[in-house]
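Enquirer: Let me give you the structure first, and then I'll get to my questions.
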Amino acid sequence: MGPIELNGLTDAAEPFQTWILPALLGLGLASATGLRTFLPLLMLSLAAHFGLFGIELNDRMAWLADWPAIAALGTAAVVEFTGDKIPVVDHGLNVLGAFTRPVAGAVAAGSVFAGVDPTTAAIAGVIVGAPAAMAFNAAQGGARLTSTATTGGIGNPVLSLIEDLLSFLMVVLAFLAPVLVPVLMIVLAVLLFRLANRIRRRSEGTVTGSKAREGRA
């Protein structure tokens, strides 16, 4: 009975390890790419290269763990980080991100389906990663539009730093506890929504105060 039970447990765990766990991890990575195109991919590449968090890549995506890919992603991440703090440039990056971030999300998600054939992994990446990245990119875009409209873009660099931090933390938490990714996605979405509302309320309060002072004058 012992060996039979052990085999049964192994068979039951296989779909979880092959499909469910990679899907959850892919969702987390893709959500992070909705905020930053290259930072999550860079973190994934470094984790795979150094064997951190038990990260394994699909055979076709193994090149992500090579130094040339890490160097390219690192350079792109620095450029994105810097450019997103510059007025006008940040708007251009966000427009471009509407196209690049779903692709990055699909790549990130598909690459962690290590136990399936490359074609299936790519399809799974598109199904899992692209919609998640698009959703969070849309949420980020809404927060940016609110910030631009209410602060004239002055608040955008601060908002950008917050997005950097959220993207980074989302990847780390997805590495550490992929089963919590659905909860983390909800928390991240709520944070972005509340952040946009706070920016709008503060701006409205500033405008109201200015008008009141002008009225008294």
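Residue numbers (our numbering): 2 to 218. The C-beta atom is built at its ideal place from N, Cα and C for all residues, glycine as well.
Count the other CB atoms, across all protein chains shown, that sit within 10 Å of the CB of GLN18; report buried if there are 16 or more and exposed otherwise.
Expert: Classification for GLN18: exposed.
Enquirer: Taking 8 Å as the cut-off, decide whether the C-beta atoms of GLY219 and ALA110 are in contact.
Expert: In the structure displayed, the chain extends from 2 to 218; residue 219 sits before or after that span and is not available.
Enquirer: Which whole-angstrom value describes the C-beta separation of ASP60 and PRO119, a residue pair presumed to lie in contact below a C-beta threshold of 8 Å?
Expert: So it is a contact: roughly 6 Å between Cβ atoms.
Enquirer: Is it buried or exposed, GLU81, if we count other Cβ atoms within 10 angstroms and call 16 or more buried?
Expert: Buried, since its Cβ has 16 or more Cβ neighbours within 10 Å.
Enquirer: Step through the CB atoms of chain D and report whether any lies within less than 8 Å of the CB of THR152.
Expert: Judged by its chain identifiers, the structure shown contains no chain D, having just a single protein chain.
Enquirer: Using only alpha-carbon positions, find the residue among PRO23, GLY35, GLU15 that is nearest to GLY142.
Expert: It is GLY35.
Enquirer: Would you mind listing the alpha helix (DSSP H) stretches within the region 101-155 that are 4+ residues and don't spill past its ends, in chain order?
Expert: Here the runs fully enclosed are 119-152.
Enquirer: LEU74: buried (16+ other C-beta within 10 angstroms of its C-beta) or exposed?
Expert: Burial call: buried.
Enquirer: Which residue spans inside the region 46-85 form an unbroken alpha helix (DSSP H) run of at least 4?
Expert: As far as the region 46-85 is concerned, its whole alpha helix (DSSP H) runs of at least 4 residues are 68-84.
Enquirer: Determine whether the beta carbon atoms of LEU47 and SER168 lie at a separation below 8 Å.
Expert: No, the pair does not count as a contact, with Cβ atoms beyond the cut-off.
Enquirer: Are SER148 and ASN138 touching if we call contact CB-CB under 8 Å?
Expert: The answer is no: Cβ separation not under 8 Å.
Enquirer: Using 8 Å as the threshold, is the C-beta distance between ALA33 and VAL182 below it?
Expert: Not in contact: ALA33 and VAL182 (Cβ atoms no closer than 8 Å).
Enquirer: May I ask which residues mark the beginning and end of the alpha helix (DSSP H) holding THR34?
Expert: Unbroken alpha helix (DSSP H) run through THR34: 22-34.
Enquirer: Would you kindly work out how many angstroms separate the C-alpha atoms of GLY52 and TRP64, rounded to a whole number?
Expert: Rounded to whole angstroms, GLY52 to TRP64 spans 14 Å at the Cα level.
Enquirer: Going by C-alpha to C-alpha distance, which of ALA107, GLY93, ALA134 sits closest to ALA125?
Expert: Comparing Cα-Cα distances from ALA125 to each of ALA107, GLY93, ALA134, the minimum goes to ALA107.
Enquirer: Check this for me: beta carbons of GLY29 and LEU192, under 8 Å apart or not?
Expert: For GLY29 and LEU192, no; Cβs fall outside 8 Å.
Enquirer: Taking the alpha helix (DSSP H) that HIS177 falls in, what are its first and last residues?
Expert: One detail in the question is off: residue 177 reads as Leu in this sequence, not His. 157-177 is the extent of the alpha helix (DSSP H) around LEU177.
Enquirer: If you draw a straight line from the C-alpha of ARG202 to the C-alpha of ASN95, how long is it?
Expert: Cα to Cα, ARG202 sits roughly 23 Å from ASN95.
Enquirer: Does the distance from the CB of LEU26 to the CB of ALA175 come in under 8 Å?
Expert: For LEU26 and ALA175, yes; Cβs fall inside 8 Å.
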